[in-house]
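Okay, so here's the structure we're looking at.
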Amino acid sequence: MKTLIVHAHPEPRSLNGALKDLAVSTLERAGHEVRVSDLYAMGWKAVVDAGDFGTSASSPLKVTADSGRAFDTGTLAPEVRAEQDKLLWADTVIFQFPLWWYTMPAILKGWFDRVFTYNFAYGVGEHSDVKYGERFGEGTLAGRRALLSVTVGGRESHYAERGVAGPIDDLLFPIQHGILYYPGLEVLPPFVLYSADRVDDDGFQDIAKAWEQRLLTLESTEPIAFRPQNSGDYEIPSLELKQGLEPPGRSGFRLHVRP
Ligand code: FAD
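Quick note on my numbering: the sequence shown kicks off at 7 and runs consecutively.
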C-alpha cells in the first residue's frame, strides 16, 4: 500500500499527533510506503486566492475556471500541484483531525479548497443533457481509498441516532460523500474516537490497539456503499434517487447508501 496521511493539528504532542505517528510506524512496519502532509508543520495556506493560479489568474478572479486552466497548463502553485501529485501517488489516503465545530479544522478545509481543483477533482468527464460528469464514484481519484480518523470531544451517545449533536454519519456525510466520494475515492468507515479530551495513558493503550487493528486491515475493509451517480440509481437528468430504491423508512443522507 502507498498511503498518504493528511494531518491537521497544530500540536505535534497532541492526541492527534500521536495517532498520526502511530499510523506512520504501524504501516511502515507492515512494509507499506507512507507519506505525510502535516499541514500546520508545512505552514499550509488555508485560503484560495489568485496566487494559486499564477499566470492563469484572471481579473476579475474566477476561481473555478482559473483553477482548471492553471491545472491544465501547469501554472498551479507548486505546493498545490505537489499535493495533487501525492494523491495520484497514493492508493490510500488517511485524514487525521479533531472535530472542530462539527467539521474539520479550517486548515484542512483549505487543503481541499486549494488541492481539489476544477479539472482535477471536479468538472471531470462529459457534461451534457444526459450526463453530469464523472463524479460520485467516478473521477480522477477512482480506484483509491480514503479513511477519516477523527477525534471528538463529546461522548458517543451525543453522536448516536437520537443524540443531541446529530448522528456522526450525517455530520461526516459532506466530507465523506461530498468531498471524498465526489472525485472517485472509495470511503472506508471512519475511525472515530469519542470523549477524546478524557483519554489517559491507559485509555490510549486501548485506542492504540484499535487503531493499529484498523490500519492493518485497511486492504480488506469494505467501503461505505455510496451509490455511484452513473450506475442507474438516479433519474436522468434530475439526479434524484429513483422511486422505490430506498429501504422502508430510510430518508435523508442515508438514501445515498445502498442497503
Ligand atoms: P489533546 O488535547 O492533545 O489530548 C486529549 C487527551 O489525550 C489529553 O488528556 C492527553 O493527555 C491524552 N493523551 C493520552 N495519551 C496521549 C498520547 N500518547 N499523546 C497525546 N495525548 C495523549 N468536540 C466535539 O465533540 N464537537 C465539536 O464540534 C467540537 N468543536 C471544537 C472546536 C474547537 C475550536 C476545539 C478547540 C475543540 C472542539 N471540540 C469539539 C473538542 C475536540 O474535538 C477535542 O478537543 C479534540 O478532538 C481532542 O483531540 P486533541 O488531539 O486536540 O487532544
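All residues carry an ideal CB built from backbone N, CA and C; glycine is no exception. All figures in this text were calculated on a predicted structure; none of them were measured in a lab.
Inset, instruction - Check whether the region 74 to 90 touches the region 120 to 137, counting contact only when three or more Cβ pairs, one atom from each stretch, lie closer than 8 Å. - result: A contact exists between the region 74 to 90 and the region 120 to 137.
Legend entry - Identified DSSP bridge partners for S155: Along the sequence shown, read from residue 1 onward, the residue named residue 155 stands at position 149. Looking at the DSSP output, S155 bridges to Q102 and F197.
Legend entry - Minimum length 3: unbroken beta strand (DSSP E) runs contained in the region 126 to 172: With a minimum length of 3 residues, the continuous beta strand (DSSP E) runs that stay inside the region 126 to 172 are 151 to 157.
Legend entry - Rounded straight-line distance, which links the Cα of K8 to that of T98: Within the sequence shown, the letter at position 92 stands for residue 98. Within the sequence shown, the letter at position 2 stands for residue 8. One C-alpha to the other measures close to 6 Å.
Legend entry - Cβ pair L28, A214 closer than 7 Å: As a position in the sequence shown, residue 28 is number 22, starting the count at 1. As a position in the sequence shown, residue 214 is number 208, starting the count at 1. The answer is yes: Cβ separation under 7 Å.
Inset, instruction - Specify, as a first and last residue, the run of the alpha helix (DSSP H) that D44 falls within. - result: As a first step, residue 44 is located in the sequence shown; it is residue number 38 there, counting from the start. Where D44 is concerned, there is no enclosing alpha helix (DSSP H), although the beta strand (DSSP E) around it starts and stops at E39 to D44.
Legend entry - Spatially closest choice to D206 from T109, T61 and S20, by CA coordinates: For the purposes of this step, residue 206 is taken as the residue at position 200 of the sequence shown. Distances from the CA of D206 to each of T109, T61 and S20 were compared; the closest alpha carbon is that of S20.
Legend entry - Alpha-carbon spacing of L93 relative to W117, whole angstroms: For the purposes of this step, residue 93 is taken as the residue at position 87 of the sequence shown. For the purposes of this step, residue 117 is taken as the residue at position 111 of the sequence shown. Spanning the two alpha carbons is a distance of roughly 12 Å.
Legend entry - One or two residues paired with Y240 in a DSSP bridge: Along the sequence shown, read from residue 1 onward, the residue named residue 240 stands at position 234. L247, per the DSSP bridge assignment.
Legend entry - N- and C-terminal bounds of the alpha helix (DSSP H) containing L10: By one-based count along the sequence shown, residue 10 stands at place 4. DSSP places L10 outside any alpha helix (DSSP H); the residue lies instead in the beta strand (DSSP E), whose first and last residues are K8 to H13.
Inset, instruction - Indicate whether the contact test is met: 3 or more Cβ pairs, each with one atom in the region 187 to 201 and one in the region 221 to 234, closer than 8 Å. - result: The region 187 to 201, when compared against the region 221 to 234, does touch it at the 8 Å Cβ threshold.
Inset, instruction - Compute every distance between the C-beta of S20 and the non-hydrogen atoms of the ligand FAD, then say whether any falls below 6 Å. - result: As a position in the sequence shown, residue 20 is number 14, starting the count at 1. Because some heavy atom of the ligand FAD lies under 6 Å away, the Cβ of S20 counts as near it: yes.
Legend entry - Beta bridge counterpart(s) of Y188 as assigned by DSSP: For this step, residue 188 is matched to residue 182 along the sequence shown. DSSP lists no partner for Y188.
Legend entry - Chain-order list of residues whose beta-carbon lies under 8 Å from that of A71 (same chain, five-residue window excluded): For the purposes of this step, residue 71 is taken as the residue at position 65 of the sequence shown. Within the same chain, S64 and Y124 come within 8 Å of A71 by CB-CB distance, once the 5 residues on both sides are set aside.
Legend entry - Paired residues, beta bridge with T109 - DSSP: Position 103 of the sequence shown, counted from the first residue, corresponds to residue 109. According to the DSSP secondary-structure assignment, T109 is paired through a beta bridge with W106.
Inset, instruction - Report the three-state DSSP secondary structure of V263 (helix, strand or coil). - result: Working through the sequence shown from its first residue, we reach residue 263 at position 257. V263: strand per DSSP, three-state reduction.
Legend entry - For F122, the three-state DSSP class (helix, strand or coil): Residue numbering aside, residue 122 sits at position 116 when the sequence shown is read from its first letter. Of the three classes helix, strand and coil, the one that applies to F122 here is coil, per DSSP.
Legend entry - Touching by the beta-carbon criterion (3+ pairs, under 8 Å), the region 152 to 160 and the region 176 to 193: Touching, per the Cβ criterion.
Legend entry - Cα-Cα separation, R161 to Y200: As a first step, residue 161 is located in the sequence shown; it is residue number 155 there, counting from the start. As a first step, residue 200 is located in the sequence shown; it is residue number 194 there, counting from the start. In a straight line, the C-alpha of R161 is about 5 Å away from that of Y200.
Legend entry - Heavy atom of the ligand SAH within 6 Å of P104 beta-carbon: Absence of the ligand SAH is noted for the structure shown, with the ligand FAD being the only ligands found.
Legend entry - Any non-hydrogen atom of the ligand FAD within 6 Å of T9 CB: Sequence index remark: in the sequence shown, residue 9 carries index 3 (1-based). No, the ligand FAD has no heavy atom inside 6 Å of this Cβ.
Legend entry - Strand pairing of F232, partner residues [DSSP]: Within the sequence shown, residue 232 is the residue found at index 226, counting from 1. Paired residue(s): V263.
Legend entry - CB of Q102 within 7 Å of CB of N22, strictly: The residue given as residue 102 occupies position 96 in the sequence shown. The residue given as residue 22 occupies position 16 in the sequence shown. In this structure, Q102 sits near N22, with a CB-CB distance shorter than 7 Å.
Legend entry - Contact under 7 Å by Cβ, A83 with D58: Position 77 of the sequence shown, counted from the first residue, corresponds to residue 83. Position 52 of the sequence shown, counted from the first residue, corresponds to residue 58. In contact: A83 and D58 (Cβ atoms closer than 7 Å).
Inset, instruction - Evaluate Q211 with the Cβ neighbour count: other Cβ atoms within 10 Å of its Cβ, from every protein chain shown; 16 or more gives buried, anything less gives exposed. - result: In the sequence shown, the residue the question calls residue 211 occupies position 205. Classification of Q211: exposed, given that the 10 Å Cβ count is below 16.
Inset, instruction - Given a cut-off of 7 Å, decide if F142 and R187 are closer than it, judged by their beta-carbon atoms. - result: For the purposes of this step, residue 187 is taken as the residue at position 181 of the sequence shown. For the purposes of this step, residue 142 is taken as the residue at position 136 of the sequence shown. Contrary to the premise, residue 187 reads as Tyr rather than Arg in this sequence. Against a cut-off of 7 Å, the Cβ pair of F142 and Y187 comes out as a contact.
Legend entry - Delimiting residues of the alpha helix (DSSP H) encompassing R220: Stepping through the sequence shown from its first residue, residue 220 is reached at position 214. Judged by DSSP secondary structure, R220 falls within the alpha helix (DSSP H) whose first and last residues are D207 to L222.
Inset, instruction - Taking P90 as part of the alpha helix (DSSP H), name the residues at either end of that continuous run. - result: Sequence index remark: in the sequence shown, residue 90 carries index 84 (1-based). A small fix is needed here, since residue 90 is Gln in this sequence, not Pro. From DSSP, the alpha helix (DSSP H) with Q90 extends over P84 to W95.
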